[in-house]
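See structure below.
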Amino acid sequence: VSLTQARIDMSELDEDSDGFLQPYEMEAYIRGLIPNLAQLRDMPAEFIQMYCHIATHKFFFFCDPSRRGKACIKKILLSNCLQELMELHQESEGEAADTDQPENWFSLASTQRICDMFIDLDRDANGTLSEEELQGYADATLTDIFIQRAFDEHVRHGKTVNGLAWEMDFESFLDFVLALENKDTPEGLTYIFKCLDLQGKGYLTAADIHILFRDVREKWIQVGNYEVCIEDVRDEIWDMVKPVDPLRITLSDMLQCKQGGTIASMLIDVRGFWAHDNRENLLQEEGESLDIDGAV
């Protein structure tokens, strides 16, 4: 599917001709593509509506960051999202290629994985996730304070309904997953930074880093790892970021240093800290694997 054809198809769906698509219009575009995307042709009919909804959500996460409820067609056409979706066209019938591509958000395996994940987490089957239920995400490697802050910033916004705290609906869950799976992007890092910004001041202080990593350290020790000094990690993060103001780290600093995703992982996910702590061993193993593959 050419960009020209995509632009024509999207423009035809743009009912008010303002150059933007609303979610239902984007869903209609994706629904029309499914028969032409080899890896999606055999999608169960009952899953098509949910698939289009999940696929559309990624476009709006990246192409409508201000959450206006509409995405610019030009921005959609130039986005990595459209390129990723079109990758599903490459698999033609009769080829014995592996169609299981969980790393591609738009693959059938990925969308089904996300649905299954939400259902598994929703232990009381009420269609929403509580903080306690969300703590089971990613084998419970995320810190409690990060889960709490995700609810504070992206779910409840300090409000309650009938005296009860808001729970996370499927829409908010998709945002959560997209942010965590795309931490190196400005959109993903912006989502996470709001959670890290404990005081809502637009920057992180040494005290914030201490509080955030304290929970990671606790999980780290619980699974039998060696003692780690919070101050050493804090200093390492400062060295990685090299903030403009030596006393505070801003979102801009995190984006500029090109290691924002790694730093975010270190502060919210014990598995992310483990990966950073073992980065040299992991790189060595990866290199050895490549050597073996090359020798075969």
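Reminder that position 207 of the sequence shown reads as 207 in full-length UniProt numbering, one-by-one numbering, no gaps. For glycine and all other residues, C-beta sits at the position ideal for the given N, C-alpha and C.
Suppose the cutoff is 6 Å on Cβ atoms and the five residues either side in sequence are ignored; what does the same chain contact list for residue i look like?
{"i": "F193", "result": "L251"}
{"i": "N80", "result": "none"}
{"i": "D277", "result": "none"}
{"i": "F273", "result": "V216 and M266"}
{"i": "L37", "result": "L88 and H89"}
Return yes when the Cβ of residue j is within less than 8 Å of the Cβ of residue i, no when it is not.
{"i": "M168", "j": "T143", "result": "no"}
{"i": "P23", "j": "T56", "result": "yes"}
{"i": "C52", "j": "R31", "result": "yes"}
{"i": "I25", "j": "E15", "result": "The sequence given here has Glu at residue 25, not Ile. Against a cut-off of 8 Å, the Cβ pair of E15 and E25 comes out as a contact."}
{"i": "I237", "j": "R217", "result": "no"}
{"i": "L77", "j": "A125", "result": "no"}
{"i": "L174", "j": "I54", "result": "yes"}
{"i": "L263", "j": "D215", "result": "Per the sequence shown, residue 263 should be read as Ile rather than Leu. No, the pair does not count as a contact, with Cβ atoms beyond the cut-off."}
{"i": "R248", "j": "Y203", "result": "yes"}
{"i": "V241", "j": "D232", "result": "no"}
{"i": "F151", "j": "F118", "result": "no"}
{"i": "Y29", "j": "L13", "result": "yes"}
{"i": "L88", "j": "Q39", "result": "yes"}
{"i": "L196", "j": "L212", "result": "yes"}
Assuming residue i contacts residue j (C-beta within less than 8 Å), just tell me the rounded distance between them.
{"i": "F106", "j": "I73", "result": "That pair is no contact at about 18 Å."}
{"i": "G260", "j": "L178", "result": "That belief does not hold up - the Cβ atoms of G260 and L178 are roughly 16 Å apart, past 8 Å."}
{"i": "A206", "j": "R234", "result": "6 Å"}
{"i": "D208", "j": "L198", "result": "5 Å"}
The alpha helix (DSSP H) with residue i in it runs from where to where?
{"i": "M266", "result": "G260 to I268"}
{"i": "D120", "result": "L108 to L121"}
{"i": "L85", "result": "N80 to M86"}
{"i": "T56", "result": "I48 to C63"}
{"i": "W238", "result": "I230 to V241"}
Would you list the one or two residues that DSSP bridges to residue i?
{"i": "residue 317", "result": "Summary: the structure shown does not reach residue 317, with the chain confined to residues 1 through 296, and so no result is reported for it."}
{"i": "A71", "result": "L21"}
{"i": "I249", "result": "L204"}
{"i": "L142", "result": "D269"}
{"i": "L196", "result": "Paired residue(s): none; L196 is not in a bridge."}
{"i": "M168", "result": "L129"}
Spatial neighbours of residue i within its chain, please: C-beta separation below 8 Å, excluding the five flanking residues on both sides.
{"i": "Q148", "result": "E131"}
{"i": "D122", "result": "T128, L129 and E133"}
{"i": "K219", "result": "T141, T143 and V270"}
{"i": "M50", "result": "T111 and C115"}
{"i": "K75", "result": "C63"}
{"i": "A138", "result": "L180, D269 and R271"}
{"i": "D9", "result": "Y29 and G32"}
{"i": "P243", "result": "I249, T250 and D253"}
{"i": "N104", "result": "E84, E87, L88 and S110"}
Cutting at 7 Å between CB atoms, please list the residues of its own chain near residue i, excluding the five before and the five after it.
{"i": "V228", "result": "R217 and W220"}
{"i": "F62", "result": "S79, C81 and E187"}
{"i": "D64", "result": "K70 and A71"}
{"i": "K58", "result": "C81, W105 and L178"}
{"i": "L255", "result": "P186 and L189"}
{"i": "M43", "result": "I34, Y51 and L108"}
{"i": "S172", "result": "H154 and V155"}
Consider the Cβ of residue i: report whether some Cβ of chain B lies at a distance smaller than 8 Å.
{"i": "G19", "result": "Note that chain B does not occur in the displayed structure, where there is just one protein chain."}
For the ligand HEM, any of its heavy atoms closer than 7 Å to the Cβ of residue i?
{"i": "R31", "result": "Among the components of this structure there are no ligands whatsoever, and the ligand HEM is therefore not found."}
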